[in-house]
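Novice:
In my numbering, the protein residues as written are 5 to 445.
Right, here's the structure in full:
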């Protein structure tokens, strides 16, 4: 495939230069930058502009519909164009300068996820210029509040649902092609998310009689809360294999030596060993097989000589399938074992359904991945974090989470960190991936 490399780089750098920083407080978002980004998508891709129905979905969404030969089994390619803040500290260049240094382009959002968004647009615009018509309607769905769990993508999905659109295939950010491979598989592999853990935030509060620090009670409000925090950490939720983890091991079985296949193919044989090893195999593996808790906020008084009459701590929980924000609230109360500690659910979303992999859509995605990354193993997995694609789980059984880029652990560590960057050849390969995918849709 031949691509206009200069155009791709120029378009991408223009996207990076726009400071589309999202915030929990909409008043702190520079909506002019967000509007400029959406205008850029219309102005720089003339073939999409000529062939697509284009709608802006408030507050920050833009939805392109490219009509296909049929509307029976539409597809959705999605990404988000908002980014997290990028303080200059730690950066060796302007986070929004889109500087080219060697074989890389630096800037906030290069990996998360303006790179995939740009690649989707480049591939679709190129295909349309060559007379391509999708077999079924194709929607390009882009939101600007993913980083703060905003409402835009939910509004897009509500719009599609009202119009009777039920996508046969949805692809969003998620896993990637990683050099370290799958658990038990020591070679490069493509990780594709098929489910997301649920997320919930809880506030644990202790109220007490205040007073002077010179005459403290046996247990202060902060002391009781500290004990509650320790109990949560010393009594984690039990390890268990979710559906998506079992499917991951099943797919690994196809790639390991033949004498190891029975154990991987029947994950229940490995479950006791996995449970026993979960806490010593690292935080990523541990999070894969259990509902996790993390104390992230601790509040008391700011004066050294005053006993607080109230202490509070915030706990973030990531839930496996089968758990709900409400059921976890009751479990936290049991783990704390102190009636003086109030446990209140602040906000939460349950785990997503597990997308199918014994289907034509999964096989199609595997086929495209293997055309780009020559016969690489493809494994399903469960995302510990959340993406906007969770909204689509309400109207589609085939929601997959895959960032079509090869990323080392070091590169993945720059997402939300300093010196986020992408190799130019990886960006071009991402355009290639979407170009091949469009041939299938």
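Every residue, glycine too, gets a C-beta built ideally from N, C-alpha and C.
According to DSSP, is residue 368 part of a helix, a strand, or is it coil?
Specialist: It is helical.
Novice: Between the stretch 139-158 and the stretch 76-84, do at least 3 Cβ pairs fall closer than 8 Å?
Specialist: Judged by Cβ distances under 8 Å, the stretch 139-158 makes contact with the stretch 76-84, as three or more pairs qualify.
Novice: Indicate whether the contact test is met: 3 or more Cβ pairs, each with one atom in the stretch 13-22 and one in the stretch 109-126, closer than 8 Å.
Specialist: Counting Cβ pairs under 8 Å, three or more are found: they touch.
Novice: Pick from 247, 85 and 441: whose alpha carbon is nearest that of residue 386?
Specialist: It is 247 whose Cα lies nearest to the Cα of residue 386.
Novice: Using the DSSP secondary-structure output, state which residues sit across from residue 17 in a beta bridge.
Specialist: According to DSSP, residue 17 bridges with nothing at all.
Novice: By Cβ distance below 6 Å, which residues in the same chain neighbour residue 60 in space, the five residues on each side in sequence not counted?
Specialist: So the list reads 66, once near-sequence residues are dropped.
Novice: Return the Cβ separation of residue 446 and residue 391 in integer angstroms, given the expectation that the two are a contact with Cβ distance under 8 Å.
Specialist: No information on residue 446 is available, as it lies outside the stretch 5 to 445 that the chain covers here.
Novice: Could you tell me the boundaries of the beta strand (DSSP E) in which residue 78 lies?
Specialist: Its beta strand (DSSP E) spans residues 74-84.
Novice: Between which two residues does the beta strand (DSSP E) containing residue 166 stretch?
Specialist: Here residue 166 belongs to no beta strand (DSSP E); instead the alpha helix (DSSP H) covers 156-166.
Novice: CA-CA distance, residue 318 and residue 301?
Specialist: One C-alpha to the other measures close to 5 Å.
Novice: Report the residue ranges of all beta strand (DSSP E) runs contained in full by the stretch 352-416; include only those spanning at least 3 residues, in chain order.
Specialist: Whole beta strand (DSSP E) segments, 3+ residues: 382-387 and 403-410.
Novice: Beta strand (DSSP E) containing residue 61: first to last residue?
Specialist: Note, residue 61: beta strand (DSSP E), 56-61.
Novice: Could you give the C-beta distance for residue 439 and residue 131, rounded to a whole number, given that I count them as a contact under 8 Å?
Specialist: Yes, they are in contact, since the Cβ atoms of residue 439 and residue 131 sit about 7 Å apart, within 8 Å.
Novice: Taking C-beta to C-beta, are residue 206 and residue 321 nearer than 8 Å?
Specialist: Yes.
Novice: Give me the Cα-Cα distance between residue 161 and residue 262, rounded to the nearest whole angstrom.
Specialist: The alpha-carbon atoms of residue 161 and residue 262 are separated by roughly 44 Å.
Novice: How far does the beta strand (DSSP E) with residue 444 in it extend, from its first residue to its last?
Specialist: Careful: residue 444 lies outside any beta strand (DSSP E), inside the alpha helix (DSSP H) at 428-444.
Novice: My understanding is that residue 84 touches residue 147, with C-beta atoms under 8 Å, so please give their C-beta distance in whole angstroms.
Specialist: Residue 84 to residue 147, Cβ: 5 Å. Contact.
Novice: With a 10 Å radius around its C-beta and 16 neighbouring C-beta atoms as the bar for buried, classify residue 371 as buried or exposed.
Specialist: Classification of residue 371: exposed, given that the 10 Å Cβ count is below 16.
Novice: Could you tell me whether the stretch 243-257 touches the stretch 335-349, using the rule of 3 or more Cβ pairs below 8 Å?
Specialist: These segments do not touch.
Novice: Measure the alpha-carbon distance for residue 430 versus residue 303 and round it to whole angstroms.
Specialist: Approximately 44 Å, taken between the alpha carbons.
Novice: For residue 528, which three-state DSSP category applies?
Specialist: As displayed, the chain neither begins before 5 nor continues past 445, which places residue 528 out of reach and without an answer.
Novice: For residue 248, does the three-state DSSP call read helix, strand or coil?
Specialist: It is helical.
Novice: Compute the distance between the beta-carbons of residue 12 and residue 126, then report whether it is under 8 Å.
Specialist: Contact flag set, yes.
Novice: Comparing alpha-carbon positions, which option in 273, 239, 379 and 316 lies nearest residue 296?
Specialist: The shortest Cα separation from residue 296 among 273, 239, 379 and 316 belongs to 239.
Novice: Which runs of the beta strand (DSSP E) spanning at least 3 residues fall entirely within the stretch 171-249, listed in chain order?
Specialist: Segments of the beta strand (DSSP E) lying fully in the stretch 171-249: 173-182, 193-200 and 202-211.
Novice: In the DSSP assignment, find the alpha helix (DSSP H) that holds residue 38 and state where it starts and stops.
Specialist: Where residue 38 is concerned, the enclosing alpha helix (DSSP H) stretches over 35-47.
Novice: Residue 174 and residue 403: beta carbons closer than 8 Å?
Specialist: In this structure, residue 403 lies closer than 8 Å to residue 174 by Cβ.
Novice: Looking at residue 152 and residue 420, is the spacing between their C-beta atoms short of 8 Å?
Specialist: No, they are not a contact pair.
Novice: Residues in the same chain with beta-carbon distance under 8 Å from residue 216, minus the five sequence neighbours each way, listed in chain order, please.
Specialist: 309, 310 and 311, listed in sequence order.
Novice: According to DSSP, is residue 290 part of a helix, a strand, or is it coil?
Specialist: Looking at residue 290 - three-state DSSP - the assignment turns out to be helix.
Novice: Going by the CB atoms, is the gap between residue 249 and residue 196 shorter than 8 Å?
Specialist: Not closer than 8 Å, so no.
Novice: Just the C-alpha distance for residue 326 and residue 345, rounded to the nearest angstrom, thanks.
Specialist: So the two alpha carbons sit approximately 26 Å from each other.
Novice: Classify residue 330 as helix, strand or coil using the three-state DSSP reduction.
Specialist: It is helical.
Novice: Opposite residue 22 in the DSSP bridges: which residues?
Specialist: Note: residue 22 sits in no beta bridge, so no partner.
Novice: Roughly how many whole angstroms lie between the Cα atoms of residue 436 and residue 209?
Specialist: Using only the alpha carbons, I get a separation of about 52 Å.
Novice: Which residue comes first and which comes last in the beta strand (DSSP E) that contains residue 309?
Specialist: Note, residue 309: premise wrong, no beta strand (DSSP E); not H, not E.
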